Amino acid sequence: MTQRATLVSAMNAMTNIGTDTQTIVAADAPKMKTESLSIYYSAFRAVADVTLPVRDRQITAIIGPSGCGKSTLLRALNRMNDLVAGSHIQGKVTLDGEDIYAPNMDVVDIRRRIGMVFQRPNPFPKTIYDNVAFGPRLYGRIPKTELDEIVESSLRRAALWDEVKDKLKQSGLALSGGQQQRLCIARAVAAEPEVILMDEPCSALDPVATLKIEELMQELKKDYAIVIVTHNMQQAARVSDYTAMMMMRSDRAGEMIELDQTQKIFTRPGDKRTEDYVSGRFG
Amino acid sequence: MTKGVEMREQNITMTIGRGVVVARPDSRDALRKRPRVGERVIQSLLFACGFISIFTTLGIVFVLGEESFLFFGSEEVSIIEFVTGTVWQPAVGEFGILPLLLSTLITSIVAMLVAIPVGLSAAIFLSEYASPKARSILKPVLELLAGVPTVVYGYFALTFMTPLLRSVFGQDTIEVYNMASAGLVMGIMIVPLVASMSEDALTAVPRSMREAAFGLGATKLETSVSVVVPAAVSGIMAAVIVGISRAIGETMIVALAAGAGPNFTFNPFKAAETMTGHIARISGGDLSYNSIDYNSIFAIGITLFLMTLGLNIISRYFVNRFREVYQ
Ligand SMILES: Nc1ncnc2c1ncn2[C@@H]1O[C@H](COP(=O)(O)OP(=O)(O)O)[C@@H](O)[C@H]1O
Ligand SMILES: [Mg+2]
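Written out as structure tokens, the structure reads:
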């Protein structure tokens, strides 16, 4: 009891000291981490030697030109790449220090803990309610009232509840593109993940819908570690705390050339190529 | 004056012809309508083909209608007796369709009890589980199965399925000719149809649906059963209904294995002739043209026709009703 109180006050004290200290504390124990991660499609090395910590309650953006392996890297974080025949990795990906590619790890369990939002909104051809309830229902029979609560709170978290509360029994496909994407976020949130991966979640959306999703991400970041792939520089600058810059090497393998606080990447990048890219000179 | 100039210009363009069009692609001539002869020929040919199939259908309906009109017009039968009578014995003037109809329904139900689960499981296996290599072997085998002549299936029922059933359930319970054996083999015959149509429907479900489910931590089975199959439900329903039509219309297997004589019974282990089986047997014998027996075949025929027509309408309804719009 007292111990806990001390801890809380210590944490408060830290918060007061300033952002830098906080960063250091967080850096000590990243939520996820890739260590010298290389990802292969059969013989082709798509991503080479990436060491990327993903901090809890922070947004990490992955940027870089098209085809440099951003999606590949992201999909390695929840083992979605396992679905591609012939894909394999070298190196390590950890979640809370545990190697998620270790032979004793259950891939289904990993994907429950690391949710994903895709480039194109992909709600199931089911009702809005059933879309959100999909994850919880996988984990066992849940009483109706409890499920109702999960659905409502998830839709609220995805800032969609007010728009759909009267039509939960309608098909998720009847929503607009932006609403569909928020439905997909609600669906991911309902599964109670610890990390949320987003692969260009706004690239199929109009600016207003994009803004909504970006605001939503700021809310979600209070509870989750978020990794977002984006080709939109402004978006990375607006929403993320850390930015990883990827580039394609001459052998077409993608490498991470820089990782830093977003603010630094966009104001004082350490690499000339990053500077060129973020200022829109190529890519 | 200006008009004259315009006309002259047009003339020049026309005489010079295509050269001008190529040289000045931005001119109005580039957009001018040109006759395309090949296009018209193909179009007429396609129209003719479509017309032939429609005409054939109409012809069939006409013949069926005319002959059954004669049948129902004669004073020996009434429509009421036809649809409610449980005895079909043309020799004594009994024309109740129910024994034939019931036998058709029982054999078809037995067939679908085999074809739906086996066909759908095969489809799920092929589209969700099979490696490309396994699929490349299994699909041709399945198609081969669909190409076996039905008379072969008929003898398979008679010489393999019936003895098998009789050895399992006993000689006393199962007659030599019985609806169960014919129905089971008919089911096996329909499996490839249901499997291949359902597989088409399953593979048409976008990959993003599966990824969404896997991303939420669904297993392969959960993904198949609760996402992919529901998303393909319209195609699967269509497959099932085409399968049922096929079962109702199938003749050779039931003619050989189900029994040769109308019999009003709900017991699938007994012999009973189906509508198609009856038509095949009666028209094989020497029927005098224009006799009431002869006309009765057409009454059965039009009943079959109406049943398949009804199924087709239901199938269309399902396809439209459950078609999901993916963007
Ligand atoms: N399923 C796949 N099979 C084989 N190669 C792939 C596959 N997916 C992506 N690649 C290749 O991997 C490289 C990186 O692709 P991707 O990760 O999609 O890049 P990005 O998301 O940065 O545009 C590309 O060269 C691409 O062709
Ligand atoms: Mg990508």
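Taken in sequence, the protein lines are chains P and V.
Those letters in the first sequence? Residues 1 to 283, by the numbering used here.
Those letters in the second sequence? Residues 1 to 327, by the numbering used here.
Each residue gets a CB set at the ideal place from its N, CA and C atoms; glycine is no exception.
Computed from a predicted model, the values in this text were never measured in an experiment.
Item: Buried or exposed (CB count within 10 angstroms, at least 16 for buried), residue 127(V); Value: buried
Item: Cross-strand partners of residue 242(P) (DSSP beta bridge); Value: 60(P), 261(P)
Item: 4 or more residues per run - each alpha helix (DSSP H) lying fully within the region 133 to 201 of chain P; Value: 144 to 157, 161 to 164, 177 to 190
Item: Span separating the alpha-carbon of residue 315(V) from that of residue 242(V); Value: 8 Å
Item: Chain-ordered list of residues that sit, by beta carbon, closer than 5 Å to a heavy atom of ligand 1; Value: 41(P), 46(P), 66(P), 67(P), 68(P), 69(P), 70(P), 71(P), 72(P), 84(P)
Item: Simplified DSSP state of residue 45(P), which is helix, strand or coil; Value: strand
Item: N-terminal and C-terminal residue of the alpha helix (DSSP H) that residue 218(P) is part of; Value: 207 to 220
Item: beta-carbon residue 117(P) near ligand 2 non-hydrogen atom, thresh 7 Å; Value: no
Item: Cβ-heavy atom distance, residue 325(P) to ligand 2, below 7 Å; Value: Residue 325(P) falls outside the range modelled here, since chain P spans only 1 to 283, and no answer is possible.
Item: Simplified DSSP assignment, three categories, for residue 84(P); Value: coil
Item: Any non-hydrogen atom of ligand 2 closer than 7 Å to residue 200(P) Cβ; Value: yes
Item: Buried/exposed call for residue 76(V), threshold 16 Cβ in 10 Å; Value: exposed
Item: Rounded straight-line distance, which links the Cα of residue 80(P) to that of residue 174(V); Value: 54 Å
Item: CA-to-CA distance, residue 251(V) to residue 193(P), given in whole angstroms; Value: 57 Å
Item: Assigned secondary structure, residue 216(V) (DSSP; H/G/I helix, E/B strand, else coil); Value: coil
Item: Segment limits, alpha helix (DSSP H) that includes residue 141(V); Value: 132 to 147
Item: 8 Å Cβ cutoff, residue 95(P) in contact with chain V; Value: no
Item: Cutoff 8 Å: residue 227(V) Cβ touching any chain P Cβ; Value: yes
Item: Minimum C-alpha distance to residue 157(V) - residue among 169(V), 186(V), 263(V), 139(V); Value: 186(V)
Item: Bridge partner(s) assigned by DSSP for residue 127(P); Value: 171(P)
Item: Endpoints, the alpha helix (DSSP H) within which residue 112(V) is located; Value: 98 to 124
Item: Chain-ordered neighbours of residue 208(V) on chain P, where CB pairs are closer than 7 Å; Value: 118, 120, 122
Item: Simplified DSSP assignment, three categories, for residue 56(V); Value: helix
Item: Same chain only: Cβ atoms within 6 Å of residue 198(P), ignoring 5 sequence neighbours per side; Value: 117, 228
Item: Delimiting residues of the alpha helix (DSSP H) encompassing residue 116(P); Value: No alpha helix (DSSP H) contains residue 116(P), which is instead part of the beta strand (DSSP E) from 114 to 117.
Item: Near-chain P residues of the region 123 to 151 of chain V - C-beta to any C-beta below 7 Å; Value: none
Item: Beta carbon proximity, residue 125(P) to chain V, threshold 8 Å; Value: yes
Item: Beta-carbon proximity list for residue 201(V), same chain, < 6 Å, skipping 5 on both sides; Value: 232, 235, 236
Item: Distance, residue 111(P) Cα to residue 236(P) Cα; Value: 25 Å
Item: Host alpha helix (DSSP H) of residue 80(V) (start-end); Value: 79 to 84
Item: Coil, strand or helix - residue 190(V) by DSSP; Value: helix
Item: Anticipated Cβ contact below 8 Å, residue 123(P) with residue 173(P), distance rounded; Value: 6 Å
Item: CB contact check: residue 22(V) to chain P, cutoff 8 Å; Value: Reliability of the predicted coordinates at residue 22(V) is poor, the pLDDT of 46 falling under 50, and the value obtained from them is presented with this limitation in mind. It does not: the Cβ of residue 22(V) has no partner Cβ on chain P nearer than 8 Å.
Item: Bounding residues of the beta strand (DSSP E) (the contiguous stretch that carries residue 229(P)); Value: 225 to 229
Item: Burial state of residue 165(V), where buried means 16 or more other Cβ atoms lie within 10 Å; Value: buried
Item: Min CB distance residue 46(P) to chain V below 8 Å; Value: no
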